[in-house]
Each structure stands twice: as C-alpha cells, then as structure tokens.
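There are 2 protein chains.
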Amino acid sequence: MFSIGRLSAATGVKVPTIRYYEQIGLLPEPERTGGNQRLYTRKMQERLAFIRHARDLGFPLEAIRELLSLSDQPGESCHTADEIAIRQLAEVEARIARLAALRDELRRMLDHCASHTIAECRVIEVLGNHALCAHDDHSVPKGAGPA
Amino acid sequence: MFSIGRLSAATGVKVPTIRYYEQIGLLPEPERTGGNQRLYTRKMQERLAFIRHARDLGFPLEAIRELLSLSDQPGESCHTADEIAIRQLAEVEARIARLAALRDELRRMLDHCASHTIAECRVIEVLGNHALCAHDDHSVPKGAGPA
DNA sequence: CTAGATGCTCTAGCGACCAGAGCTTCAAGA
DNA sequence: TCTTGAAGCTCTGGTCGCTAGAGCATCTAG
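Structure, rendered in structure tokens:
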C-alpha cells in the first residue's frame, strides 16, 4: 500500500495524470488513508503500467479501456484484442506514410532554398503556392476565381 | 469579393476554421456586407492557402504566424524561415522514427499472438508486461516494490 | 514539534479545431 | 416581387489527453 507519488515514480505516469485516469474511470477508485490520501496496491500498479504501455504504443484511451476490460476476462477469445491492435497498427502505418510524404516535401523545399531574401525564398514560395509541390491544388491560379 | 463559403470551397479550409483563424489573429478581419457577412479578396485567399499548406506540412499555428509575418517582409533574409522549416523537418523525422518503433512493436505483438483466449493472448500480455518488449522498463518485477 | 514535501479538490488552459442553438441575410426560382 | 431554403452570423460548449495553478490539508523526517 503506497501513495500516489510512489505509484507515479514507479510507473512514470505523472500524479495529475493518475488522478485524471481515475476521474475518467480508467482506474478504479483506490482506498484512502484516514486523511483522505489515495493508497495503491501492486495490482493497481500493474494496471497503470498496462495503461502506460498502451499509451506509449499510441492507443487512444477508449481503446485502452476496452483492452483493460478484455484483460479482466481471461477466458474470452482474444479476437477483439487482436482487432484493436490491428486497427492501431494500420493507424500507425498510415501516419508514418503521411509523415514520410511531409518529410520529403520539407526536404525538397529546403534543398531548393538558396537562403537569400524572403522575396526569393523557396520555403515561403512553396508554402504560398501549393502547385510547386506534388499534391492536390488548393492554391490560387492567376485569373481564376473561386468556384 | 466572395463569401466565406466560397473561400472555404476554394481552399479546402472549413468555414468554422476560417472564423477561428480570424479570431486568433492569423487572418485579418475581412470587410463585411451591409448584412454583416464576411467578404474576402483574392489576397485573403492566397493567405489562407498559405496557412492551409503549412498546416498540411504539420507546422503549428504559431510557426505559421511567424512565417506569415516573414512573408510580409520580402526584403528580409529568409534565414529565419529556413530555420523554422529545418526545425519542422527535425520534428517530423523524430515523429517518424518514434512511430516506426511503435509499428515494429505492434507487429511483433501481433505476430506472436495465436488468437486463442485472453489468458494467453500475446497482445494483452505484452501490454501488461513492458519487459517483453525492448524498451525502458516501467513494469512490475515480481517481489520488487515501488521506489 | 515543526517545517517542508506531498497530498487533496477544483477550475481553467493547451492546440486546433468541430458541432449545435437560435437567429439573420442572401440568392435563385415562380 | 415574393418566397423559400441555403448559407451566414454569434456564442457556447465539446473533443483528446493531459497540465498547471490556487488554496488548502496531511504526512514524515529530523
């Protein structure tokens, strides 16, 4: 039985975050001391470590809530847990692809900038005119008004 | 001179977002019709396209604010603009690296799961015990209490 | 016994918007 | 010209996952 501060130190989850998890029902309400301070058990620490790890993996809290309730039912099929993880993997892969495209565009932008004045700055120019890079065009072609 | 709806359609930025940008001072207050509706110019459209593109590239609004004020001073050196872009590139690369690590771990997790019951589900197990993957350990080693 | 670290609750804020209520204005067709 | 329905207006509150601070109470080590 230990305090919220020790739980925080042990799991790497900040104190207000632990209270926040309790508030949104991700952690059960712990026992209290006579002076109303929270007291945690090893079991609670495990649960929080679980949450922490899932957060590190980018799972949203709602997915974690579901994973937790699954892990409380050891007899059930883990099909649902797999599905959640697969969804998360797809999500992560999509984000990577998107970020890689951004990285390439940023690199191109910087490669072409000769670092002179703003008037001829490639960075500003590319930002102002989407047509200069390889995407959907939301820029303003001369002479053409809005639809 | 056209309405907020047309501006939205032309730039792909949603109407409430345009009003939000105005509210936080990223876009100047436009003229109004007699009936108090916003009227935009081609110049405003260009400015919004600039913002939109920078957002697509993941720049935070504060960085965009700075880039906009730079682009309003064509005589100045573009050194600052470059710096912002370089910072953003580093940021993006860091995020990619982090996500790639997550992706690998998620894949490992899923590879090893035989899809039986929760009790033997690799997904749940790995989430519960950080020691099973290759990171800093915040899990609960048996017998060891919190610090 | 006391000082200072830690705990408590509550409220508000972050970024970057989105949604809805309840109203007004505009634009196109009859 | 009138009407109707889309689009506009302001304002408030919600999203996600926390984080920070105010203003107290309690615990713990010396």
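Sequences listed follow chains A and E, in order.
Per this note's numbering, the first sequence starts with residue 1415, numbered consecutively.
Per this note's numbering, the second sequence starts with residue 1415, numbered consecutively.
Beta carbons: idealized from backbone N, C-alpha and C, even for Gly.
Bear in mind the structure is a predicted one, so any value in this text is a computation, not a measurement.
Under the three-state DSSP convention, the category residue i falls into
{"i": "E/L1471", "result": "coil"}
{"i": "A/L1440", "result": "coil"}
{"i": "E/A1548", "result": "Here E/A1548 scores only 49 on pLDDT, less than 50, and its place in the model should not be relied on; the value that follows carries that caveat. If DSSP states are grouped into helix, strand and coil, E/A1548 belongs with coil."}
{"i": "A/Q1487", "result": "coil"}
{"i": "A/G1426", "result": "coil"}
{"i": "A/H1493", "result": "helix"}
Given residue i as reference, the closest of the options once Cα atoms are compared
{"i": "E/E1497", "options": "E/A1477, E/L1453, E/E1519, E/R1446", "result": "E/A1477"}
{"i": "E/G1419", "options": "E/G1449, E/Y1454, E/I1438", "result": "E/Y1454"}
{"i": "A/V1427", "options": "A/L1462, A/F1416, A/Q1437, A/P1444", "result": "A/L1462"}
{"i": "A/R1536", "options": "E/G1448, E/L1421, E/L1475, E/I1500", "result": "E/I1500"}
{"i": "A/A1508", "options": "E/L1516, E/A1504, E/L1541", "result": "E/L1516"}
{"i": "A/L1475", "options": "A/S1422, A/L1541, A/Q1437", "result": "A/Q1437"}
{"i": "E/G1439", "options": "E/L1541, E/R1479, E/S1422, E/F1473", "result": "E/R1479"}
Per DSSP, cross-strand counterpart(s) of residue i
{"i": "A/L1503", "result": "DSSP, once it has assigned bridges, lists no residue as partnering A/L1503."}
{"i": "E/E1445", "result": "E/L1453"}
{"i": "A/F1416", "result": "A/Y1454"}
Inter-residue spacing [alpha-carbon to alpha-carbon] between residue i and residue j
{"i": "E/R1446", "j": "E/R1452", "result": "5 Å"}
{"i": "A/H1467", "j": "E/D1470", "result": "29 Å"}
{"i": "A/Y1435", "j": "A/L1441", "result": "6 Å"}
{"i": "E/L1513", "j": "E/E1539", "result": "21 Å"}
{"i": "E/M1458", "j": "A/E1519", "result": "24 Å"}
{"i": "A/L1481", "j": "E/V1429", "result": "37 Å"}
{"i": "E/S1485", "j": "E/T1494", "result": "11 Å"}
{"i": "A/D1550", "j": "A/S1417", "result": "Confidence at A/D1550 is low in this model, with a pLDDT of 42, below 50, so its placement is unreliable and no value can be given for it."}
{"i": "E/E1460", "j": "E/T1431", "result": "16 Å"}
{"i": "A/L1524", "j": "A/R1456", "result": "52 Å"}
{"i": "E/C1527", "j": "A/Q1502", "result": "15 Å"}
{"i": "E/N1543", "j": "A/I1465", "result": "11 Å"}
{"i": "E/M1415", "j": "E/G1449", "result": "15 Å"}
{"i": "A/A1511", "j": "E/E1505", "result": "15 Å"}
{"i": "A/T1425", "j": "E/P1444", "result": "51 Å"}
{"i": "A/L1421", "j": "A/R1433", "result": "11 Å"}
{"i": "E/Q1487", "j": "A/G1472", "result": "41 Å"}
{"i": "E/L1541", "j": "A/A1423", "result": "19 Å"}
{"i": "E/S1483", "j": "A/R1521", "result": "22 Å"}
{"i": "A/C1492", "j": "E/C1492", "result": "55 Å"}
Interface partners of residue i on chain A, CB under 7 Å
{"i": "E/L1503", "result": "R1517, L1520, R1521, L1524"}
{"i": "E/A1477", "result": "Under the 7 Å cutoff, chain A gives no residues; its nearest Cβ is about 11 Å from E/A1477."}
{"i": "E/V1537", "result": "C1492, A1495, D1496, A1499"}
{"i": "E/V1506", "result": "L1513, L1516, R1517, L1520"}
Within chain E, the residues that residue i reaches when beta carbons sit closer than 7 Å
{"i": "A/R1509", "result": "L1513"}
{"i": "A/G1472", "result": "L1516"}
Chain-ordered chain A contacts of residue i [CB-CB under 8 Å]
{"i": "E/I1418", "result": "Residues of chain A passing the Cβ test: none, with the nearest at roughly 11 Å."}
Chain E contact residues for residue i, given Cβ-Cβ distances below 8 Å
{"i": "A/I1500", "result": "L1524"}
{"i": "A/G1542", "result": "E1460, A1463, F1464, H1467, S1485"}
{"i": "A/I1432", "result": "Neighbours of A/I1432 on chain E: none; closest Cβ ~13 Å, over 8 Å."}
Amino acids of chain E, ordered along the chain, whose beta-carbon sits closer than 9 Å to that of residue i
{"i": "A/L1481", "result": "V1537, I1538, L1541"}
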